[in-house]
Amino acid sequence: MDFAYSDRSVELQGAVRRFMQDYVLPHEQAYHTDVSNGIYPPQVVEDLKALAKDEGLWNFFLPALPSDAPGTGLSNLEYAPLAEIMGRVYWASEVFNCNAPDTGNMELLHLFATPAQKERWLKPLFEGEIRSCFMMTEPDVASSDATNIQFSIRRDGDEYVLDGRKWFITNALDPRAKLGIVLGVTDPDGPPHQRHTQVMFPMDTPGIVIERNISYMNHLAPEGTCEVVFRGVRVPVENLLGEEGAGFALAQARLGPGRIHHCMRSIGQCEVALDLMCQRALERRAFGKYLHEYGNIGDWIAKARIDIEQARLLVLKTAWLIDREGNRAARKEISMITALVPPLQTKIVNRAIQVFGAMGLSPDTPLPYLWSWGRALQILDGPDEVHLRAVAHHEIKRAQEERADSTAPEGYRQSRFTPPIAE
Ligand SMILES: Cc1cc2nc3c(=O)[nH]c(=O)nc-3n(C[C@H](O)[C@H](O)[C@H](O)COP(=O)(O)OP(=O)(O)OC[C@H]3O[C@@H](n4cnc5c(N)ncnc54)[C@H](O)[C@@H]3O)c2cc1C
Numbered sequence: 040m041d042f043a044y045s046d047r048s049v050e051l052q053g054a055v056r057r058f059m060q061d062y063v064l065p066h067e068q069a070y071h072t073d074v075s076n077g078i079y080p081p082q083v084v085e086d087l088k089a090l091a092k093d094e095g096l097w098n099f100f101l102p103a104l105p106s107d108a109p110g111t112g113l114s115n116l117e118y119a120p121l122a123e124i125m126g127r128v129y130w131a132s133e134v135f136n137c138n139a140p141d142t143g144n145m146e147l148l149h150l151f152a153t154p155a156q157k158e159r160w161l162k163p164l165f166e167g168e169i170r171s172c173f174m175m176t177e178p179d180v181a182s183s184d185a186t187n188i189q190f191s192i193r194r195d196g197d198e199y200v201l202d203g204r205k206w207f208i209t210n211a212l213d214p215r216a217k218l219g220i221v222l223g224v225t226d227p228d229g230p231p232h233q234r235h236t237q238v239m240f241p242m243d244t245p246g247i248v249i250e251r252n253i254s255y256m257n258h259l260a261p262e263g264t265c266e267v268v269f270r271g272v273r274v275p276v277e278n279l280l281g282e283e284g285a286g287f288a289l290a291q292a293r294l295g296p297g298r299i300h301h302c303m304r305s306i307g308q309c310e311v312a313l314d315l316m317c318q319r320a321l322e323r324r325a326f327g328k329y330l331h332e333y334g335n336i337g338d339w340i341a342k343a344r345i346d347i348e349q350a351r352l353l354v355l356k357t358a359w360l361i362d363r364e365g366n367r368a369a370r371k372e373i374s375m376i377t378a379l380v381p382p383l384q385t386k387i388v389n390r391a392i393q394v395f396g397a398m399g400l401s402p403d404t405p406l407p408y409l410w411s412w413g414r415a416l417q418i419l420d421g422p423d424e425v426h427l428r429a430v431a432h433h434e435i436k437r438a439q440e441e442r443a444d445s446t447a448p449e450g451y452r453q454s455r456f457t458p459p460i461a462e
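Residues in the sequence shown are numbered consecutively from 40, following my numbering.
Set out below in structure tokens:
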């Protein structure tokens, strides 16, 4: 395993760090003022996008970025430290056109869209001219199990008719979101993994109603995490993404890279929390001592540093594995980091909040948002339990295979001593 960053990645890390320092951080306050005044998207985002694109700091996330698309596609290992730097400010990834769910949607279109679909949707996404939504989750079914999805996609002549309700749809309120991708059932009687299909549609298609923007942990996202209803929505059959019945497989293909990107950004957010915790502990005195002189706070700082370093290494290993062997080969590692990093984020941010006292709960630091986001990540990329179950499944399967291996040493099945070393 070699996690050394390439020269290209090191150079871009410097450039992105400088860009964040010179342009993003100075505009953080203005961004929040605009959003709290109901202005979305704030003009600063579009201005900074133009600047970043001009400097070639654009579309880092896609290793197979087509040569005619703007920007620099990087390997996952090269991209990881950049995502970490961008992740420090929650709206910054968009400045570099590396924001979810657009990145996942671009990857999906890149892999499965027809040339005409790419021209219509992928090109403006690569250019950062439009944004997009991915609509899978439904209020009435446990949506962490995508085979449960009930939304109806019915073929009628040259059209699909879409009916149903989706919720927690990111970006649905963004006026620049022009593309929606929906997962629904086309063959209710088919095998569970082949019943579903994905269809694309313009967000302003008649019959689509955004019923409400749902806050999470009291955070109301300006781009929306919305409940959306479809009533008899008609789209041409050319809007089919991939093949009928392949919707579940496409959803799986989309989620792998998305999850690792969230983890990379999360590591950056853990670093922000640790930085803030250290600064506050250095300057605040209580009962005759600086806070960092209290043993428990020193321990929190040390444990945060140790945990972050461990988590980063596992994320980098996962990136390295995806680059070498693909998403499928890295499924266990993707589940491991998705179960590891979001709870780590909430733990470290929670301790930082404690060190700040009441201020830690206020909007005067990013900590409340970072906590809410870490908490949301424990569900939104698949609940922790689902990922733990997946890791356990891999381990048990490996153990079963070892037991069944006829070449295993005599008596191994009954052995309670050191098992042979797996290749
Ligand atoms: C901020 C935010 C943004 C989101 N954006 C989008 C979006 O853009 N598009 C979209 O489609 N969705 C989006 N979602 C929804 C998200 O993807 C789903 O919430 C997630 O997939 C979980 O589905 P669910 O809420 O139906 O939970 P359920 O599937 O009902 O699960 C509930 C609980 O059941 C338990 N559980 C489930 N499975 C197991 C298991 N195997 N073992 C043990 N326990 C289990 C867990 O405790 C889990 O938390 C977003 C959510 C949030 C919070």
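Ideal Cβ positions, reconstructed from N, Cα and C, are used throughout, including at glycine.
Residue 462 (DSSP reduced to helix, strand or coil)
coil
What residues are listed by DSSP as bridge partners for residue 193?
200
Under a three-way DSSP split, which group does residue 271 fall into?
strand
Starting from the Cα of residue 343, find the closest Cα among 354, 42, 374 and 388 and give me that residue.
388
Along the chain, where does the beta strand (DSSP E) containing residue 170 start, and where does it finish?
170-174
How many whole angstroms separate the CB atoms of residue 393 and residue 409, which I take to be in contact at a CB cut-off of 8 Å?
Contact doesn't hold; Cβ gap of about 14 Å is too wide.
Given this structure, state the Cα-to-Cα distance separating residue 272 from residue 202, to the nearest angstrom.
Cα to Cα, the separation comes out at about 7 Å.
Along the chain, where does the beta strand (DSSP E) containing residue 216 start, and where does it finish?
216-224
Sort 267, 419 and 107 by Cα distance to residue 190 and report the nearest one.
267
Taking 7 Å as the cut-off, does the CB of residue 425 come closer than this to any heavy atom belonging to ligand 1?
yes
Give the list of continuous alpha helix (DSSP H) stretches no shorter than 4 residues that lie fully inside the segment 363-446.
Listed in chain order, they are 370-395, 406-419 and 423-443.
Determine, using beta-carbon pairs with one atom in the segment 279-298 and one in the segment 223-240, whether at least three such pairs fall under 8 Å.
yes
Give the DSSP bridge partners of residue 265, in chain order.
208 and 252
Closest by C-alpha distance to residue 371, when choosing among 61, 433 and 350:
433
Tell me whether residue 44 sits in a helix, a strand or coil according to DSSP, three-state version.
coil
Cα-Cα separation between residue 346 and residue 231, rounded to whole angstroms
39 Å
Contact set for residue 103: own chain, Cβ-Cβ below 8 Å, skip 5 residues either direction
112 and 149
State yes or no: is the C-beta of residue 312 within less than 8 Å of the C-beta of residue 406?
yes
Let me make sure I understand the geometry here. Which of 431, 461 and 429 has the alpha-carbon closest to that of residue 444?
When 431, 461 and 429 are compared, the shortest CA-CA separation from residue 444 is found for 461.
Coarse secondary structure for residue 242, derived from DSSP in three states
DSSP places residue 242 in the coil class of the three-state scheme, outside both helix and strand.
Residue 464 in three-state terms, based on DSSP
Here the chain has residues from 40 to 462 only, and residue 464 is not among them.
Residue 115 beta carbon less than 8 Å from that of residue 172:
no
Backbone CA spacing between residue 223 and residue 419 [nearest angstrom]
19 Å
For residue 301, report the span of its alpha helix (DSSP H) as first-last.
286-322
The alpha helix (DSSP H) spanning residue 121 covers which residue range?
Start and end: 115-126.
Identify every residue that forms a DSSP beta bridge with residue 325.
328
With respect to 7 Å, is the separation between the Cβ of residue 145 and the closest non-hydrogen atom of ligand 1 below this value?
Not so, every heavy atom of ligand 1 lies at least 7 Å from the Cβ.
Taking the straight line between their C-alpha atoms, what separation do you get for residue 184 and residue 330?
Going from the Cα of residue 184 to the Cα of residue 330 covers about 45 Å.
Candidates 374, 76, 249 and 41: closest to residue 174 by CA position
249
Hey, would you say the C-beta of residue 207 is under 7 Å away from at least one heavy atom of ligand 1?
yes
Does the segment 134-145 come within contact of the segment 293-302, defined as at least 3 CB pairs closer than 8 Å?
yes
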